[in-house]
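Below is one structure; the comments refer to it alone.
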Amino acid sequence: MLDRIESTYIGIGLVLRIFLFFQTRIRNYFEDSGEFVTPLNSWKRVIEGIYLRKLNLSPFVGSIVHETPLSLFFYSKIYAITNGHVECIFIAIDLLNAFLTYKVARRILTQLFNEQTKEKSTYKDDSQLLWLTKENLRKSAYAVLLCAMINPLSIGTCVAKSSLVFHNLLLTMTFYFFMTYQLLPFIITLCLASSVSLYPIVLIAPALLQFSKNNSNQRSIIRIFFVLFLFISITIGILFLNFFLNHQSWSFLESTYSFIFHVPDYTPNIGIFWYFFTEMFDHFRSLFVWTFQMHVLLLYIFPFTIRLRNDPIFLFWLLCAIFCTFKSYPAYGDATFYFNYLPIWSFLFR
Numbered sequence: 012m013l014d015r016i017e018s019t020y021i022g023i024g025l026v027l028r029i030f031l032f033f034q035t036r037i038r039n040y041f042e043d044s045g046e047f048v049t050p051l052n053s054w055k056r057v058i059e060g061i062y063l064r065k066l067n068l069s070p071f072v073g074s075i076v077h078e079t080p081l082s083l084f085f086y087s088k089i090y091a092i093t094n095g096h097v098e099c100i101f102i103a104i105d106l107l108n109a110f111l112t113y114k115v116a117r118r119i120l121t122q123l124f125n126e127q128t129k130e131k132s133t134y135k136d137d138s139q140l141l142w143l144t145k146e147n148l149r150k151s152a153y154a155v156l157l158c159a160m161i162n163p164l165s166i167g168t169c170v171a172k173s174s175l176v177f178h179n180l181l182l183t184m185t186f187y188f189f190m191t192y193q194l195l196p197f198i199i200t201l202c203l204a205s206s207v208s209l210y211p212i213v214l215i216a217p218a219l220l221q222f223s224k225n226n227s228n229q230r231s232i233i234r235i236f237f238v239l240f241l242f243i244s245i246t247i248g249i250l251f252l253n254f255f256l257n258h259q260s261w262s263f264l265e266s267t268y269s270f271i272f273h274v275p276d277y278t279p280n281i282g283i284f285w286y287f288f289t290e291m292f293d294h295f296r297s298l299f300v301w302t303f304q305m306h307v308l309l310l311y312i313f314p315f316t317i318r319l320r321n322d323p324i325f326l327f328w329l330l331c332a333i334f335c336t337f338k339s340y341p342a343y344g345d346a347t348f349y350f351n352y353l354p355i356w357s358f359l360f361r
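Mind the numbering: the sequence shown is residues 12 to 361 in this note's numbering, read in order.
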């Protein structure tokens, strides 16, 4: 059951979203805003893809739809069930994502408190101001919930009907299963998140640390290979599921992963890719595409994994913040994922 504060914050978030959905001018602004909507998450493009599917035409011909066939199949079912009135679905998913973020934050804070209790004897006396108390734990968790409910970037993403609302829920579910040590659900949600936006694949690094710790060296190595085997197997399974949903055609690869990696669309957004490549000679384009993508996918993994090997939770959040910032088609909805967790550490600022 929800307590009074949780119910109040969720009610505030619900009222704000419903109110803005009924403001046609505001809703149209968000739906057409390059800061909230990109070619990868535009609901208007999803609707076009759904109609093309109904006409037995491939939605992946040209540069209209950049969702995977599995995502498009899922959205088509939602569109059919709601008869096109998907606003309630977006609000429900966004509120669910915010509440699940709050649950993850409570678990992170509880773990920080337990670790602090075990190690308190090693702390200096003058560090007491930075200690996490039970009162701080409760207040910080509520601050995360309030931030998720009233964050203008979250609300704007919801009102814009950006598919990032669904992507962020997948990522939050991945974080939740990561925190609760549920290996199979974690791998499934991670593979699904990676299949729709590619970059979450880097989260396999903190997963290897999280699911292999507290074991002997030999068992840890076996566990690491088992996690990798599961991840690769389910990823391949999802790829073939997309293949069959696309009438046994691999044409979706060009419109999804190739589109994300090679960045052919220069529509302005809040990222750096489009601006950099509009100013560059085509002769150097391939070199810098690979450089920029390796910067996101490889550069930070090894040093941060080595440095934060004893703190896989913070490593998970940090890698999310990095790829949400430097991905090829970022939007404000990407930033909301890691912004909403910042109040976790609010107890340090007193």
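Note that beta-carbon positions come from the ideal geometry of N, C-alpha and C, so glycine has one too.
- For Ile-271 and Ser-82, the gap between their C-alpha atoms comes out near 16 Å.
- In this structure, Val-176 lies away from Tyr-113, with their beta-carbon atoms at least 7 Å apart.
- The C-alpha of Trp-328 lies about 7 Å from the C-alpha of Tyr-349.
- DSSP places His-273 within a helical segment (H, G or I) once states are collapsed to three.
- Within 10 angstroms of the beta-carbon of Val-72 lie fewer than 16 other beta-carbons, which makes it exposed.
- Counting only the Cα atoms, Leu-143 lies some 48 Å from Pro-275.
- Taking Ile-333 as reference, the option from Asn-321, Pro-323 and Val-307 with the minimal CA-CA separation is Val-307.
- By alpha-carbon distance to Thr-49, the top candidate from Ile-161, Phe-254 and Ala-342 is Ala-342.
- Residues of the same chain with a CB within less than 7 Å of the CB of Ile-355, apart from the 5 flanking positions on each side, are Ala-116, Ile-119, Leu-120, Ser-151 and Val-155 in chain order.
- For the options Leu-220, Ser-74 and Tyr-340, the alpha carbon positioned closest to that of Phe-313 is the one of Leu-220.
- A distance of 7 Å or more separates the beta carbons of Val-170 and Leu-25.
- Scanning Thr-183, Glu-59 and Thr-35 for the CA closest to the CA of Ile-324 turns up Thr-183.
- Inter-segment contact for the region 123 to 133 and the region 61 to 77 is absent: fewer than three beta-carbon pairs are separated by less than 8 Å.
- Sequence-distant partners of Ile-23 (beyond 5 residues in either direction) whose C-beta falls short of 7 Å from its own C-beta, in its chain, are Met-160 and Ile-161.
- Ranked by Cα distance from Asn-94, the first of Ile-58, Leu-51 and Asp-105 is Ile-58.
- Secondary structure of Asp-14 (DSSP, three-state): coil.
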